[in-house]
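Asker: Residue numbers (my numbering): 10 to 339. Even glycine gets a Cβ: it sits at the ideal position worked out from N, Cα and C. Note that the structure is a prediction, hence the values are computed from the model and not measured.
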Amino acid sequence: MSNCVNFSAEQIFLPVLYGSVFCVGLPANCLALYGLYRLIKAEYALPVYVIHLLLGDLLQIVTLPLWVDYYSQGHEWRFGDATCRLASYAYATSLYSSVLFMCCIALERYLAIVHPLWFQSQPMLKFAHMLCLVLWVLIVGTQAVGYHVGFERTHNETLCLETYPKDHKFAIFQLIVMPFTFLLPVLLFSCLSLSIHRRFQRDSFMSPRKKKRVMHLLVLVLLIYVMIFGPYHILGFIHCIGTLTVQDRCQYESSVFLYGRITMGILSLNPVVDPIIYIFLRNDVRETLVPLPLFQRLVSSRSRGGSTVDDQGQRMSGSGSDKPEGGQSA
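#1: Which same chain residues, not among the five before or five after Thr-272, have their C-beta less than 6 Å away from its C-beta?
#2: Give the straight-line distance between the Cα atoms of Ile-185 and Thr-151, rounded to the nearest whole angstrom.
#3: Would you report the Cα separation of Tyr-43 and Pro-280, rounded to the nearest angstrom?
#4: Is Tyr-173 closer than 8 Å to Val-14 when the C-beta atoms are compared?
#5: For the alpha helix (DSSP H) containing Arg-87, name the first residue and the last one.
#6: If we call anything under 8 Å between Cβ atoms a contact, is His-248 one with Cys-141?
#7: For the alpha helix (DSSP H) holding Cys-200, just list the boundary residues, first then last.
#8: Are the stretch 103-115 and the stretch 183-198 touching, with three or more C-beta to C-beta distances below 8 Å?
#9: Just reading off the alpha helix (DSSP H) that Cys-249 is part of, what are its end residues?
#10: Go ahead and pull the three-state DSSP assignment for Ser-277.
#11: With distances taken between CB atoms, is the gap from Pro-36 to Val-77 smaller than 8 Å?
#12: I'd like to check one pair, Ser-202 with Leu-378: are the Cβ atoms closer than 8 Å?
#13: Give a yes or no on whether the C-beta atoms belonging to Met-224 and His-206 are separated by under 8 Å.
#14: Which term fits Ile-285, buried or exposed, when burial requires 16 or more other beta carbons within 10 angstroms of its beta carbon?
#15: What's the C-alpha gap between Ile-275 and Ile-237?
#16: Rounded to the nearest angstrom, what separates Ile-122 and Val-235 at their Cα positions?
#17: Report, in whole angstroms, the separation of the C-beta atoms of Ala-270 and Glu-19, which I expect to be a contact under 8 Å.
#18: Check whether the stretch 64-75 touches the stretch 95-113, counting contact only when three or more Cβ pairs, one atom from each stretch, lie closer than 8 Å.
#19: Please identify the residue among Gln-69, Leu-144, Gly-83 whose C-alpha is closest to the C-alpha of Ala-169.
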């Protein structure tokens, strides 16, 4: 227990949740990366963004055992200062990478569907690799500034880069960053989804069923993003405003601590959700997983009542197509 907050309130909740996310998220993300490998070889750009999204998730997943130990011990870090900083940096970098690469995925689908002629004339695969490199540099640089502002002067021997109450400069930094990590992505997802919906209403280059699947996927992405990242950012905004305005900062920190930890728990579900949304709902990736014995059993159990046919009337077992959802090559 620090001078401001009681850590026992999360001593069971977060370790159990983080342990569950690790057990489910690690194999799910590795399986998803396996399924995307053939699409990268097929010269498509969309899987590049999905792979970087999943790599960011893996960066978060590999740190979870350390956090399970840390929170179960009542915020007593036992692995040294260097490991603490590296694990904290990796965890936060993963969260920011998820935001940016989800935006890239939505933007890629928008360009492929709304501007297909221009999209097909561009070297999108090369551009995707360059953009991902730029985004990683941006993410790492932003995190370096944030950790310098918020935790460079942390001297507590047991806490891992935590200060209670929150530092004023760090609260200001978070208020500056939050619109770019939540509000702008939500606006971007909404605008791109509306543009794609309008294009579908004007043109009939896709079957009605495939249009519905694309729109359902985009809406699902928006809803999941709001549900997972929304509570964390909304409470974070309230937390920062309170830090800058209230007089009894310690009492205020104690009153919001548990709610903040609950939002962190919700945020940790991101590595479990990403493979489900961006990988297993896609026909082309399901086809790349057919050689796996476990997947073969799953497919056979689903298709006992009849043959599985894709959206364009082709049998999945014989199509061999590596084209991403949406019908546009990259």
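Answerer: In short:
#1: By the criterion of a C-beta distance shorter than 6 Å, Thr-272 is surrounded in its chain by Pro-240, Tyr-241, Leu-244, once the five residues flanking it on both sides are discounted.
#2: 11 Å
#3: 16 Å
#4: yes
#5: No alpha helix (DSSP H) holds Arg-87; DSSP gives it neither H nor E.
#6: no
#7: 193-211
#8: yes
#9: Counting along the chain, the alpha helix (DSSP H) containing Cys-249 begins and ends at 217-254.
#10: coil
#11: Against a cut-off of 8 Å, the Cβ pair of Val-77 and Pro-36 comes out as no contact.
#12: What the structure shows of the chain is the stretch from 10 to 339, and residue 378 is not part of that stretch, so it cannot be assessed.
#13: Yes, Cβ-Cβ distance for Met-224 and His-206 is below 8 Å.
#14: exposed
#15: In this structure, the straight-line span from the alpha carbon of Ile-275 to that of Ile-237 is close to 6 Å.
#16: One C-alpha to the other measures close to 24 Å.
#17: Before going on, a small fix: residue 270 reads as Arg here, not Ala. So it is a contact: roughly 4 Å between Cβ atoms.
#18: yes
#19: Looking at the sequence provided, one finds Cys at residue 169 rather than Ala. Comparing Cα-Cα distances from Cys-169 to each of Gln-69, Leu-144, Gly-83, the minimum goes to Gly-83.
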